[in-house]
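In mature numbering (1 follows the signal peptide of the UniProt record, and there is no 0), the protein residues as written are -23 to -1, 1 to 342.
In this text, a Cβ means the ideal position worked out from N, Cα and C, and glycines have one as well.
The structure displayed is predicted, hence computed values, not measured ones.
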């Protein structure tokens, strides 16, 4: 009897210990999140910030001016090339034959022209001695002029054939790096088809779309600050070099180009950037300011994750759709969806789901 009681007690202790370990493991597996309280936007002027995309400062898409079959591409993506270096060639056999044919015709006609010229000179001398008639002189002159006209026409054909033959080769227009190779050996291509994309050694640019309410306050030559999501620890100075005068077709925004003031290998085409413009605009009354990384967007619109905290330093997430206002250098204004004091997730938002239990990190961690 005592043995049975002892065994039962041991089993109860083991079960209790297992449950405790499981609960502890579940707590350890909770995803940690950083958070902050929502604060109202203070009154005053706010610099404006708009998203942009990095693009090469100097880029050229190289193509052939004649049709043909790719014979050679002696470069690969990432290769550094120098101005004048061979980039690609076509099979120039047909163009070479065409040149040889018209050149042979020209040589024959030039040989004939020598005889025609000699005959014309002879008739002129005889005419001066009144041995031949005016009609004979006119006939000799017409033959000579016709031959010379034919020579000029054939010379143009030779020049054209030489030009077309030269078009079977592409060379680098400047020092740079091969960004893309779009064809393979023995592939047939048409004139203008993109063969190789070459990026030059120039400071990168950032393309930004500016709304009509702000474009009048922006001018070429203005200095801006540029931050990249992939290079969070650094801010790059830039200068506005181009301000578009026509809106894009789908929105009332104007294209603006920023040229960065330093050349760096850290920035690659397609990188997403935030550009801070020295354009002060009044804060939106009743808006709240949140970090830009706290706001996500999907097919249902923009949203943040609000936290419902518990007493054990955990919380449950709640997806909240929001309306955004201005983009500033301190974050994004939220005009609808939040209240002052709400706690929102500010880091790792892309790994969070609605109604997920998470562990709250100390804001000092």
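- Nearest to residue 328 by C-alpha distance, out of 281, 71 and 302, is 281.
- Put simply, of 244, 250 and 314 the residue whose alpha carbon is nearest the alpha carbon of residue 278 is 314.
- Apart from the 5 residues on each side of it in sequence, residue 42 sits with its Cβ closer than 6 angstroms to the Cβ of 144 and 168 in its chain, given in chain order.
- In this structure, DSSP gives residue 92 a helical state, which the three-state scheme calls helix.
- By the 16-neighbour rule on beta-carbons within 10 angstroms, residue 135 is buried.
- In the DSSP annotation of this structure, the continuous segment of the alpha helix (DSSP H) that includes residue 123 starts and ends at 111 to 143.
- Less than 8 angstroms separates the beta-carbon of residue 319 from that of residue 283.
- For residue 146 against residue 66, the beta-carbon gap comes to about 5 angstroms, under 8 angstroms, which counts as contact.
- In this structure, residue 166 places its C-beta atom within 8 angstroms of the C-beta atom of residue 160.
- By the CB criterion at 8 angstroms, residue 10 and residue 253 fall outside the cutoff.
- Looking from the CA of residue 151, the closest CA among 59, 205 and 180 belongs to 59.
- For residue 189, there is no enclosing beta strand (DSSP E); the residue is found in the alpha helix (DSSP H) stretching over 189 to 192.
- Of all C-beta pairs linking the segment 189 to 199 to the segment 61 to 76, fewer than three are shorter than 8 angstroms, placing the two stretches out of contact.
- Secondary structure of residue 105 (DSSP, three-state): helix.
- Judged by their CB atoms, residue 296 and residue 251 are not nearer to each other than the 8 angstroms cut-off.
- Here the alpha carbons of residue 80 and residue 97 stand approximately 25 angstroms from one another.
- Per DSSP, the unbroken beta strand (DSSP E) holding residue 286 starts and ends at 278 to 286.
- A direct Cα-to-Cα measurement between residue 173 and residue 241 gives close to 23 angstroms.
- Residue 79 sits in a helix when the DSSP states are folded into three classes.
- The three-state reading of DSSP puts residue 70 in helix, counting H, G and I together.
- The beta carbon of residue 187 is closer than 7 angstroms to those of 27, 195, 230, 231 and 233 in its chain, skipping five residues each way along the sequence.
- Burial check for residue 175: the Cβ neighbour count within 10 Å reaches 16 or more, so the residue is buried.
- When the five nearest sequence neighbours on each side are left out, the beta carbons in the same chain lying within less than 8 angstroms of the beta carbon of residue 8 are those of 325, 328, 329, 333, 335 and 336, in order along the chain.
- Residue 118 sits exposed, since fewer than 16 C-beta atoms from the chains shown fall within 10 Å of its C-beta.
- Around the beta carbon of residue 290, fewer than 16 other beta carbons sit within 10 angstroms, so the residue counts as exposed.
- Setting aside the 5 residues that flank it on each side, residue 189 is surrounded in the same chain by 224, 229, 230 and 231, each with a C-beta closer than 8 angstroms to its C-beta; the list follows chain order.
- For residue 128, the closest C-alpha among the options 266, 149, 137 and 85 is that of 85.
- It is roughly 11 angstroms from the alpha-carbon of residue 54 to the alpha-carbon of residue 64.
- DSSP lists no bridge partner for residue 48.
- Taking all protein chains shown into account, residue 61 has fewer than 16 neighbouring C-beta atoms within 10 Å of its C-beta and is therefore exposed.
- In the structure shown, residue 12 falls within a strand segment according to DSSP collapsed to helix, strand and coil.
- Contact between residue 24 and residue 256 holds: their C-beta atoms lie close to 7 angstroms from each other, under 8 angstroms.
- For residue 232, the enclosing beta strand (DSSP E) stretches over residues 230 to 237.
- Short of 6 angstroms from the beta carbon of residue 164, and not among the five residues preceding or following it, lie these beta carbons of its own chain, in chain order: 47.
- Secondary structure of residue 170 (DSSP, three-state): coil.
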